[in-house]
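Sequential numbering of the sequence shown, starting at 1, is according to full-length UniProt numbering. Idealized CB from N, CA, C, for every residue including glycine. What you are looking at is a predicted structure, and each value in this text was computed from that prediction instead of being measured. Read the structure below first, then the notes.
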Amino acid sequence: MERQLKRMHAVLEYANAHPTENPIVKNRVEEIRDIAYEVQDVIEDFFINEQMRRRSHGMLGFIKRYIVGLDQEVKEIMGRLRDGDGRRCTISIFGMGGLGKTTLARKVYIRVKASMLFGCFAWITVSKEYNEEQLLLDMIKETMGENSAKEYSKKRLSKNDLAEELKKFLENKKYFIILDDVWKTEFWETMSLAFPDMNNGSAVMITTRSKDVAKSFDPNTPPIEMKFLSPEECLNLLLKKAGLHDDASSCRVELLGPANRIVERCGRLPLGIVVFGGILSCKDRTATEWWKVAEKIKWELSKKPDDCIKVLGLSYDDLPIDLKNCFLYFSLFPEDYEIDAKTLIRLWVAEGFVQETEENTMEEVAEEYLKDLIGRCMVQMIEEDYIGGVRTCRLHDLMRELSISKAKEIRFLDTKPSFDARRLTVSETTEKVEGQSVFQNLRTLFSFDRHSHLPYFYHSSPRVKVLHWPDCYNDFLHGIDRKHHLRYLDLRSSDSGSWSLKSPRFYNLQTLSASYSTICNISRLCKLRHLILFTDWAEGGNSAGLEGMKDLQTLIGIKAGDWMKSALPKLTNLRTLGTSYHEWRLHEQEAFVRSLVQLKHLVTLHLSGDDIPSLCTLSGLVHLLELHLLDKITGPVPRSHEELPPKLNKLIIWRSEPKHYPIEMLGKLPSLRFLEIFPSSGDEHGIWQMKKGDFPQLQVLKLYGVSIIQEWTVDDGALPQLQRLHINCYPDLKMLPDGLRHISTLRQLSLFVRRGSPMESRVKKETGEDWDKFKHVPMIE
Numbered sequence: 001m002e003r004q005l006k007r008m009h010a011v012l013e014y015a016n017a018h019p020t021e022n023p024i025v026k027n028r029v030e031e032i033r034d035i036a037y038e039v040q041d042v043i044e045d046f047f048i049n050e051q052m053r054r055r056s057h058g059m060l061g062f063i064k065r066y067i068v069g070l071d072q073e074v075k076e077i078m079g080r081l082r083d084g085d086g087r088r089c090t091i092s093i094f095g096m097g098g099l100g101k102t103t104l105a106r107k108v109y110i111r112v113k114a115s116m117l118f119g120c121f122a123w124i125t126v127s128k129e130y131n132e133e134q135l136l137l138d139m140i141k142e143t144m145g146e147n148s149a150k151e152y153s154k155k156r157l158s159k160n161d162l163a164e165e166l167k168k169f170l171e172n173k174k175y176f177i178i179l180d181d182v183w184k185t186e187f188w189e190t191m192s193l194a195f196p197d198m199n200n201g202s203a204v205m206i207t208t209r210s211k212d213v214a215k216s217f218d219p220n221t222p223p224i225e226m227k228f229l230s231p232e233e234c235l236n237l238l239l240k241k242a243g244l245h246d247d248a249s250s251c252r253v254e255l256l257g258p259a260n261r262i263v264e265r266c267g268r269l270p271l272g273i274v275v276f277g278g279i280l281s282c283k284d285r286t287a288t289e290w291w292k293v294a295e296k297i298k299w300e301l302s303k304k305p306d307d308c309i310k311v312l313g314l315s316y317d318d319l320p321i322d323l324k325n326c327f328l329y330f331s332l333f334p335e336d337y338e339i340d341a342k343t344l345i346r347l348w349v350a351e352g353f354v355q356e357t358e359e360n361t362m363e364e365v366a367e368e369y370l371k372d373l374i375g376r377c378m379v380q381m382i383e384e385d386y387i388g389g390v391r392t393c394r395l396h397d398l399m400r401e402l403s404i405s406k407a408k409e410i411r412f413l414d415t416k417p418s419f420d421a422r423r424l425t426v427s428e429t430t431e432k433v434e435g436q437s438v439f440q441n442l443r444t445l446f447s448f449d450r451h452s453h454l455p456y457f458y459h460s461s462p463r464v465k466v467l468h469w470p471d472c473y474n475d476f477l478h479g480i481d482r483k484h485h486l487r488y489l490d491l492r493s494s495d496s497g498s499w500s501l502k503s504p505r506f507y508n509l510q511t512l513s514a515s516y517s518t519i520c521n522i523s524r525l526c527k528l529r530h531l532i533l534f535t536d537w538a539e540g541g542n543s544a545g546l547e548g549m550k551d552l553q554t555l556i557g558i559k560a561g562d563w564m565k566s567a568l569p570k571l572t573n574l575r576t577l578g579t580s581y582h583e584w585r586l587h588e589q590e591a592f593v594r595s596l597v598q599l600k601h602l603v604t605l606h607l608s609g610d611d612i613p614s615l616c617t618l619s620g621l622v623h624l625l626e627l628h629l630l631d632k633i634t635g636p637v638p639r640s641h642e643e644l645p646p647k648l649n650k651l652i653i654w655r656s657e658p659k660h661y662p663i664e665m666l667g668k669l670p671s672l673r674f675l676e677i678f679p680s681s682g683d684e685h686g687i688w689q690m691k692k693g694d695f696p697q698l699q700v701l702k703l704y705g706v707s708i709i710q711e712w713t714v715d716d717g718a719l720p721q722l723q724r725l726h727i728n729c730y731p732d733l734k735m736l737p738d739g740l741r742h743i744s745t746l747r748q749l750s751l752f753v754r755r756g757s758p759m760e761s762r763v764k765k766e767t768g769e770d771w772d773k774f775k776h777v778p779m780i781e
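Put into structure tokens, the structure is as follows:
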């Protein structure tokens with residue numbers, strides 16, 4: 001049967017690689033796909049049952065965007081916001097999908113936040129299908145805070161009550177709200193009630209594909225229409241994304257023919273050009289290869305959204321077979337949802353999309369898949385993690401439409417529940433299926449809605465492999481079934497009550513992410529690869545059995561203790577460790593460090609609690625890239641940068657005396673890209689000197705509570721790569737370093753000073769004595 005399944009998969013892979021419009025062939029492929037699903041179910045059931053039988057006998061049972069030509073639009077919008085007459089300003093941006101509406105809105109949003117024109121901000125994604133109550137809760141979360149949103153959610157307030165609460169809060173604020181991707185004219189008719197006009201210069205901005213929606217937003221204010229790029233701009237954009245950093249005038253002549261054809265057939269649409277530039281970046285730079293790509297676009301893109309999706313679909317067809325399922329998986333997430341990359345990678349592994357190699361784990365292979373999709377411009381990187389990877393990502397809305405379209409075409413995803421659904425995202429509005437008590441084929445369940453009907457589907461689905469509900473409620477946790485097929489379980493809860501897994505039988509579980517949890521008999525989770533607890537290991541939790549988890553790569557939220565002496569060195573594949581300890585005796589700390597340095601693959605370490613080991617005792621962690629020390633450091637003081645972990649990319653130190661992290665030593669770390677320091681209160685350090693060549697790779701520097709610094713100097717040639725600087729300073733700092741004026745790479749400066757302090761007047765725009773030192777920085781907060 002396994003051989004037959006492999007043959008069917010081979011046929012399906014060929015069909016994916018060679019799409020056809022022939023209805024007979026398409027029907028035959030669908031029949032083979034249905035049979036393959038059934039065979040796969042039978043095989044998995046067999047292995048699960050065999051596993052249970054053995055157990056019963058054995059052991060008691062951000063991409064960077066190259067969008068051009070938006071400077072004038074940004075200037076126009078900023079002018080409207082600054083020069084208004086006090087009445088609430090309403091601005092609308094419209095244009096077809098892929099023209100850069102959201103990109104323009106984000107540029108304005110960032111510029112506005114840096115300008116200090118407003119005191120209250122929110123960015124809300126609306127989408128074609130929306131829930132008014134949820135949108136209002138999202139706005140409350142953005143403006144009033146997460147606790148207020150949780151409180152109103154629990155009370156189940158009506159739409160009108162939520163709008164009234166938001167209105168009361170905004171009445172005393174000068175606010176700036178962006179409503180992205182509005183589709184319906186009636187949306188503003190109901191939502192406008194939540195935005196009071198107090199004649200204080202507040203503003204609301206929308207983006208939409210519809211000119212009618214844009215005009216209805218404010219009939220008296222002309223909307224901003226997104227224009228297509230010029231042919232020259234399109235060509236230069238395509239060449240940049242293809243990896244040729246020169247403009248068209250210096251490009252090889254033989255490449256200009258196919259490049260111009262691609263631009264012509266993409267209809268000068270920025271998103272289409274960026275995507276095809278990504279395809280070209282994966283090809284040889286020869287005219288033959290580039291013409292092959294150009295000829296795939298067999299029609300010229302019109303202004304119809306369906307045609308745009310068809311053109312973008314060619315980027316999907318060009319994907320290697322391994323990446324196609326990974327791309328389709330984005331269809332399970334909400335529109336504009338910022339996806340945690342590590343979560344996505346663990347989901348791909350649990351679904352079986354990735355195979356390990358001799359050199360790399362499945363997670364490492366999956367990370368390369370994600371980088372490949374980003375390199376092809378099919379996925380947007382929102383934030384990097386500063387240790388060489390991706391922290392968060394998302395899909396452009398047109399790419400998401402493509403993902404959903406392709407996923408539905410091959411029955412990878414079902415947008416509505418049915419008896420044969422295999423993957424489903426459930427919300428509060430998802431209807432139960434009348435007369436359907438069991439969903440035999442359902443394998444993957446997602447929900448991003450606290451009040452969704454997910455429990456109904458979960459309890460009716462015996463073969464669920466993936467359950468992702470990152471804001472579930474405790475009643476569900478207490479009654480969770482034991483599913484033997486489960487490989488991925490994300491049950492974080494915002495409730496404060498605890499729950500426990502007293503006899504877990506998730507024998508195939510690879511990832512467990514949970515809050516306020518106690519897990520007994522953990523040795524039964526023998527295939528666990530990632531254990532993430534969003535609280536300390538609760539009382540009664542039993543760590544016995546961890547030493548047998550040879551595949552464990554992530555261990556977060558477990559208290560340090562005697563168990564680590566014997567168990568920790570046996571976790572030979574551990575990549576990430578997050579642990580805490582209180583009242584640590586010296587011999588215990590030394591034993592812990594001896595165990596720690598035996599973890600040859602450890603790249604991320606988070607330590608919190610009393611008496612954290614010093615930096616120099618961790619120098620044996622030669623592969624460590626990321627280190628968080630979140631409490632009092634004790635032990636020997638480092639004498640040289642050679643006593644520090646040598647490959648650190650990211651370092652965060654909170655509540656420790658500066659003598660344990662001498663700034664002159666940190667400056668010598670060759671690979672450090674991110675540094676965040678929050679000293680313990682009352683400590684004094686006097687003078688900080690950053691000399692020429694110090695911090696050669698540092699991109700982000702965050703300093704909190706820098707009353708410890710009385711004088712700070714930065715020589716010309718120090719911090720040569722710095723892009724973001726955050727300073728939260730108190731009166732003891734007399735002035736900003738003069739050397740800031742020499743850091744040409746600095747793009748963002750955040751300054752927080754105490755009101756009435758001498759520093760407040762020194763950094764005042766135009767007139768402050770220190771203004772000249774940082775006026776060259778594009779974004780100042």
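- When only Cα atoms are considered, Leu193 and Glu165 end up about 11 Å apart.
- DSSP places Glu358 in the coil class of the three-state scheme, outside both helix and strand.
- Here Leu596 has no same chain residue with a Cβ atom under 6 Å from its own Cβ, once five neighbours each way along the sequence are excluded.
- Between the segment 341-350 and the segment 361-373 there are three or more inter-stretch CB-CB distances shorter than 8 Å, so the stretches are counted as touching.
- Its chain contains Ile224 as the residues whose beta carbon lies nearer than 8 Å to that of Glu76, once the 5 sequence neighbours on both sides are disregarded; these appear in chain order.
- With contacts defined as CB atoms closer than 8 Å, Leu509 and Leu491 fail to qualify as a contacting pair.
- Linking Leu552 to Leu546 through their CA atoms gives a straight-line distance of about 9 Å.
- When the Cα atoms are used, Tyr316 and Arg594 turn out to be separated by approximately 49 Å.
- The Cβ atoms of Lys734 and Asp715 lie no closer than 8 Å to each other.
- Three or more beta-carbon pairs separated by less than 8 Å are not found between the segment 100-112 and the segment 152-161, which leaves the two stretches without contact.
- Note on geometry: alpha-carbon atoms of Arg422 and Ser331 lie some 13 Å from one another.
- Annotation note: the segment 111-198 contains the following uninterrupted alpha helix (DSSP H) runs of length 4 or greater, listed N- to C-terminal: 132-144, 146-155, 159-170, 186-191.
- If the five residues before and after Val263 are omitted, its C-beta is found closer than 7 Å to the C-beta atoms of Pro231, Cys234, Leu235, Leu238, Ile273, all from its own chain and listed in chain order.
- Between the segment 80-88 and the segment 123-141, the count of C-beta pairs closer than 8 Å stays below three; the two stretches do not touch.
- Nearest to Phe176 by C-alpha distance, out of Asp161, Trp188, Phe195, is Phe195.
- In the structure shown, Asn220 falls within a coil segment according to DSSP collapsed to helix, strand and coil.
- Residue pairing from DSSP places Glu626 in a beta bridge opposite Thr604, Lys650.
- Runs of the alpha helix (DSSP H) lying entirely within the segment 631-678 and spanning at least 4 residues, in chain order: 663-666.
- It is roughly 44 Å from the alpha-carbon of Ile633 to the alpha-carbon of Ile178.
- Per DSSP, reduced to three states, the secondary structure at Lys211 is helical.
- CA-to-CA, the gap between Leu607 and Lys168 works out to about 43 Å.
- For Ala366, the three-state secondary structure derived from DSSP is helix.
- Between the segment 599-616 and the segment 626-645, the count of Cβ pairs shorter than 8 Å is three or higher; the stretches touch.
- If you draw a straight line from the Cα of His660 to the Cα of Ile652, it is about 13 Å long.
- Around the beta carbon of Thr745, a 10 Å sphere encloses fewer than 16 other beta carbons of the protein chains shown; the residue is thus reported as exposed.
- With a contact defined as Cβ atoms closer than 8 Å, Pro646 and Leu615 miss out at about 11 Å.
- Contact between the segment 352-361 and the segment 413-433 is absent: fewer than 3 CB-CB pairs across the two stretches fall below 8 Å.
- Around Met205, the same chain offers Ile91, Ile178 as residues with beta carbons nearer than 6 Å, after the five sequence neighbours per side are excluded.
- Around Val213, the same chain offers Val182, Thr185 as residues with beta carbons nearer than 6 Å, after the five sequence neighbours per side are excluded.
- Residue state for Cys282 is assigned as coil, using DSSP reduced to three classes.
- Residues of the same chain with a CB within less than 6 Å of the CB of Glu590, apart from the 5 flanking positions on each side, do not exist.
- Among the bridge pairs identified by DSSP, Leu531 is matched with Leu512, Leu555.
- With respect to the 8 Å criterion, Lys174 and Ser148 are not classified as neighbours on the basis of their beta carbons.
- For Val112, the closest of Phe695, Val74, Tyr386, Phe327 by C-alpha to C-alpha distance is Val74.
- Here Leu398 is actually not in contact with Gly95; their C-beta atoms are around 12 Å apart, not less than 8 Å.
- Annotated three-state conformation of Trp469 is coil, per DSSP.
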